[in-house]
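Undergrad:
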Amino acid sequence: RFDSSPSPAQSVPVPRSPLVLMITQMPCFEVNLSKPVGIEEVDAEIIVVLGCALGFVAPKQPPHVLHVDPGEMATHGVRSDDLLVAIDGKETKHMLQSEVAQALQAATRLAFERPKALPEGDEDTEPPSDGEGRRRSEAATAPSSSGVQGGSAAVTPAPAGTNNNTAAQEKKSDELQEKKSDEQQAPIPDAKEAAKLEPPAAAVEAATPPAAEAPAQE
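Spelled out as structure tokens, the structure:
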């Protein structure tokens, strides 16, 4: 059986137009205008068309939407930060400002691209330079050093009489403890010695003078 279909090596790729490549590579949306667009103002870096201000921020870059007034362009969903990537199927990134202005005068179809918003965590992901990193490290270490100094300076000195009072109290407590220890260590006298030390009761009575008798009442 003879197969007349071409082999993969003999297949010829179908060429694509630049507009098809642009549409397949970049997510964009088109704005179909009911009438030709008229330019309202042409500046050195800004073109205003139907209330939509287009700025040329860099060479070989499509015009950048700076501001959109309420009107026809706003109703089509065009907003700030959008990019005008094509005018009637022609790419704008390789066009000069004068060529863009001339193409907009008779344009009926505009293609805009909306850049994807970066996540919050992806902002400022580039490493800092040497000078910037040094400044950040100094700023990070400055609060810690000032906090240590502030902590040492924040110690309030004790009043003048506080140390003397404390020393007197400690000395007094030491004397009381020594006195208690001496009393505990003193020997307890036995019964005989206690009897010798205590005077007899007869001697106490003899030493005590008798009470005077009260005169008899008549």
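All residue numbers for the sequence shown refer to full-length UniProt numbering, where the first residue is 1 and numbers rise by one. Idealized CB from N, CA, C, for every residue including glycine. Given the structure is predicted, the values throughout are model-derived calculations rather than measurements.
Is DSSP giving Glu45 helix, strand or coil here?
TA: For the purposes of this step, residue 45 is identified with residue 45 of the sequence shown, where counting begins at 1. It is coil, neither helix nor strand.
Undergrad: Taking the straight line between their C-alpha atoms, what separation do you get for Ala103 and Pro70?
TA: As a working note, residue 103 is residue 103 in the sequence shown. As a working note, residue 70 is residue 70 in the sequence shown. Computed Cα separation, rounded: 23 Å.
Undergrad: CB-CB under 7 Å to Cys52, same chain, minus the five flanking residues each way: which ones, in chain order?
TA: Along the sequence shown, read from residue 1 onward, the residue named residue 52 stands at position 52. The answer, listed in chain order, is Val65, Val68, Met73, Val78.
Undergrad: Let me make sure I understand the geometry here. Which of Leu83, Ser173, Ala101, Gln105 has the alpha-carbon closest to that of Leu33?
TA: In the sequence shown, counting from the first residue as 1, residue 33 sits at position 33. Comparing Cα positions, the closest option is Gln105.
Undergrad: What are the residues that DSSP puts in a beta bridge with Ala167?
TA: Taking the first residue of the sequence shown as position 1, residue 167 is located at position 167. Paired residues: none, contrary to the question.
Undergrad: For the beta strand (DSSP E) containing Leu84, name the first residue and the last one.
TA: Start at 1 with the first residue of the sequence shown, and residue 84 comes out as number 84. Here the beta strand (DSSP E) through Leu84 covers 83-87.
Undergrad: On a Cα-Cα basis, can you pick out the residue from Leu96, Asp81, Val31, Glu91 that is closest to Pro59?
TA: As a first step, residue 59 must be located in the sequence shown, where it is residue number 59. When each option's Cα is compared against that of Pro59, the closest is Leu96.
Undergrad: Looking at the structure shown, is Lys180 part of a helix, part of a strand, or coil, going by DSSP?
TA: Start at 1 with the first residue of the sequence shown, and residue 180 comes out as number 180. Reduced to three states, the DSSP call for Lys180 is helix.
Undergrad: I need the straight-line Cα distance from Ala86 to Glu99, nearest angstrom please.
TA: Here residue 86 corresponds to residue number 86 of the sequence shown, with the count starting at 1. Here residue 99 corresponds to residue number 99 of the sequence shown, with the count starting at 1. Ala86 and Glu99: Cα-Cα distance of roughly 12 Å.
Undergrad: Is Ala107 helix, strand or coil by DSSP?
TA: Locating residue 107 in the sequence shown gives position 107, where the first residue counts as 1. In the structure shown, Ala107 sits in coil (DSSP, three-state: anything other than H, G, I, E or B).
Undergrad: Can you tell me which of the three DSSP states Lys90 falls into?
TA: Translated into positions along the sequence shown, residue 90 becomes position 90. Correct three-state label for Lys90: strand.
Undergrad: What residues in its chain sit with their C-beta under 7 Å from that of Lys90, if we drop five residues either side in the sequence?
TA: Taking the sequence shown and counting its residues from 1, the one referred to as residue 90 is at position 90. Ala103, listed in sequence order.
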